[in-house]
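J.: I am attaching a structure below and will ask some questions about it afterwards.
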Amino acid sequence: MYKTSTKIHLYTVRSQMRPALLLSMTLFSLLMLSSCKKGSPGSVNDPGTEPQPVADAAFLQVSTSELNTMAIDNKNVLWFAGDNRGAVSGLGNKNKNVSFVRVADQVKSVSVSDSRSMIIKSDNSVWTSGDNGFGELGIGNAVSNGNFVKVADEAEQIEAGWENGFIIKPDHSLWASGFNHYQIFNSSYSLADVVDTYQKIADNVQAISVGQAHVLMLKTDGSLWVCGQNVNGQLGTGNNTEQRGFVKIMDGVKAIEACSYHSLIIKTDNSLWATGHNEYGELGIGNNTDQNRFVKVMDNVSALAGGRFFSMAIKNDGTLWASGYNNQTFGITGPDQNKFIKVADNVTAVAASEYHSMMIKSDKTLWATGSNTYGEIGAGSERSLSVFTKVKLK
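Numbering-wise, the sequence shown is residues 17 to 410 according to the working numbering.
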């Protein structure tokens, strides 16, 4: 930021001017100078001074990873906070930001991971920024310059996976780029292949969600398809065998969430089901035993999110519920839970990652809790938060 200085010129006043006029001009000049020093409109605060918080933005969407968070406000402005390794922010640098900084305009959807981000702009075009070590940006073998680059003309959903990017187009075709984990691409590719441009991998896809090393795919007919690592039963196939290529496991599904080592789904009757790792009670089924088939948890659920060892769910009445590991992740103090407990009211959206959670309330304010080692919750420092705290823009 460049420092702007304001100079007030006092000209010599002829002796024939009245003393009262001279006094008035001098007082006016001093008032103007004082106003500029305080950071009045048109001036810039001196470097190193703390800017005052601006009015709370009204947020519509939030996406988070272990290292980074991105959020979109009601004016379609994209904001970023976090570690920014790999130039995830799209700002052309790798600078850490412990407070949210403005990134781009005309953005309608965002998905962020530790190493890259994807956005859909108002014209439905897809743009991406970050690391391209496994071709996950879909821009060939080019090295990213840290700025957003366009990769597709139209999209309905995006997902910045572990080492892949995913795009669902308006015709419900699913496209992917990156490392060929667990044969997500067709059989013409080997498991060691890197696919560095977007390739079509499925049709009739409604939603896609990616965990640490497994993928959930929801088709337009409500069928659930899975592939990937299955050590903890996170695929819900009834065994713990790795699955190469997508396989159908059930019908009647309307929403999906692939967490680090467990999976959550909402069925068409709004019931919540869970499978996978459960050491900390993250499945919310009243015990701490891993499951390799989806088990019903509770009813009347409208939205999902999950961290490494915990789960979050919004009910139809706007209440937020949590289960699992509670090291500041629930937004309330207390022990781990193996059944879902209520943690907040009036919630419209939730996002979670390794050890922190973000939520948007019905008044469109953004709140954060949990680990903040990398500035990822945008609270203005690297201090962690033990309860949900409203995020203010600087």
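We put the CB at the ideal spot given by N, CA and C, even for glycine.
Output yes or no for whether 9 Å exceeds the beta carbon distance between S79 and A367.
T.: Cβ distance < 9 Å, so S79 and A367 count as in contact.
J.: For G340, collect the residues of the same chain with a Cβ closer than 6 Å to its Cβ; drop the 5 residues on either side in sequence, then sort them by chain order.
T.: Y296, G297, E298, F325, F326 and S327
J.: Give me the DSSP bridge partner(s) of H9.
T.: It is not possible to answer for residue 9, since the shown part of the chain is limited to 17 through 410.
J.: Taking the alpha-carbon positions, what's the S397 to G391 distance?
T.: Per the coordinates, the alpha-carbon of S397 lies some 6 Å from the alpha-carbon of G391.
J.: Distance check for S369 and S129, CA to CA, integer angstroms please.
T.: 10 Å
J.: Bridge partners for D237 per DSSP, in chain order?
T.: Secondary-structure assignment with DSSP links D237 through no beta bridge to anything.
J.: For a quick check, are the C-beta atoms of N308 and N354 less than 9 Å apart?
T.: no
J.: Taking just the CA atoms, how far does W191 sit from Y214?
T.: 6 Å
J.: Apart from the five residues just before and just after S239, which ones in its own chain have a Cβ nearer than 6 Å to its Cβ?
T.: Taking S239 as the centre and dropping the five residues before and after it, the same chain places the C-beta of K264 and D267 closer than 6 Å to its C-beta, in chain order.
J.: Would you tell me roughly how many angstroms separate the C-alpha atoms of S193 and S105, rounded to the nearest one?
T.: 20 Å
J.: Would a C-beta distance cut-off of 9 Å place G181 and G154 closer than the cut-off?
T.: The answer is yes: Cβ separation under 9 Å.
J.: List the whole-angstrom C-beta distance separating V142 from A176, where the pair is believed to meet the contact cut-off of C-beta under 8 Å.
T.: Not a contact, Cβ separation roughly 11 Å.
J.: CA-CA distance, N220 and K235?
T.: Cα to Cα, the separation comes out at about 6 Å.
J.: Which of the three DSSP states, helix, strand or coil, is assigned to Q199?
T.: helix
J.: According to DSSP, is P399 helix, strand or coil?
T.: This sequence places Arg at residue 399; Pro is not what is there. Reduced to three states, the DSSP call for R399 is coil.
J.: Here's the rule: buried if 16 or more other CB atoms are within 10 angstroms of the residue's CB, otherwise exposed. What is G252?
T.: buried
J.: State buried or exposed for E170, treating a residue as buried only when at least 16 other CB atoms are found within 10 Å of its CB.
T.: exposed
J.: Would a C-beta distance cut-off of 9 Å place D147 and S131 closer than the cut-off?
T.: Yes; because the gap between Cβ atoms is below 9 Å, this pair is in contact.
J.: Here's a check: name, in chain order, each residue in its chain whose Cβ is nearer than 6 Å to the Cβ of N332, leaving out the five neighbours to either side.
T.: N316 and S318
J.: Using the rule of at least 16 other Cβ atoms within 10 Å of the residue's Cβ for burial, across every protein chain shown, is L207 buried or exposed?
T.: exposed
J.: Whose CA, out of Y371, V210, A365 and V311, lies closest to the CA of A74?
T.: A365
J.: From the DSSP secondary-structure annotation, give me the bridge partner or partners of H293.
T.: Bridge partners of H293: none, in fact.
J.: Hey, how far is the Cα of G55 from the Cα of L382?
T.: Low confidence applies here, because G55 scores a pLDDT of 34, under 50, leaving its location unreliable; read the following figure in that light. Cα to Cα, G55 sits roughly 27 Å from L382.
J.: Apart from the five residues on each side of it in sequence, which residues of its chain come closer than 6 Å, Cβ to Cβ, to I184?
T.: E172, Q173, L190 and V221
J.: Please classify D212: is it buried, with 16 or more other beta-carbons within 10 angstroms of its beta-carbon, or exposed?
T.: D212 comes out buried.
J.: Since I348 and M374 should fall inside the 8 Å C-beta cutoff, what is the C-beta to C-beta distance between them, to a whole number of angstroms?
T.: With 8 Å as the limit, I348 and M374 do not qualify as a contact, their Cβ atoms being about 15 Å apart.
J.: Do G249 and S160 come within 9 Å of each other at the CB atom, strictly closer than that value?
T.: No. Outside cutoff.
J.: Expressed to the nearest angstrom, what Euclidean distance is found between the alpha-carbon atoms of N84 and L288?
T.: 27 Å
J.: Output the residue ranges of the beta strand (DSSP E) runs that lie fully inside the stretch 74-110 and measure 3 residues or longer, sorted by chain position.
T.: When DSSP assignments are scanned along the stretch 74-110, the uninterrupted stretches of beta strand (DSSP E) that are 3 or more residues long and fall wholly within it turn out to be 75-80, 84-89 and 94-98.
J.: Measuring straight from C-alpha to C-alpha, what distance separates S138 and I88?
T.: 12 Å
J.: Do S279 and G227 come within 9 Å of each other at the CB atom, strictly closer than that value?
T.: Yes, the pair counts as a contact, with Cβ atoms nearer than the cut-off.
J.: Under a Cβ-count criterion, where at least 16 other Cβ atoms within 10 Å of its own Cβ denotes burial, should K312 be classed as buried or exposed?
T.: exposed
J.: Give the straight-line distance between the Cα atoms of P69 and S225, rounded to the nearest whole angstrom.
T.: Low confidence applies here, because P69 scores a pLDDT of 39, under 50, leaving its location unreliable and the question unanswered by this model.
J.: Buried or exposed: where does T345 fall if 16 or more other Cβ atoms within 10 Å of its Cβ makes it buried?
T.: buried
J.: From which residue to which residue does the beta strand (DSSP E) around R132 run?
T.: R132 to K137
J.: If you draw a straight line from the alpha carbon of L94 to that of F116, how long is it in whole angstroms?
T.: Between L94 and F116, the C-alpha separation is close to 10 Å.
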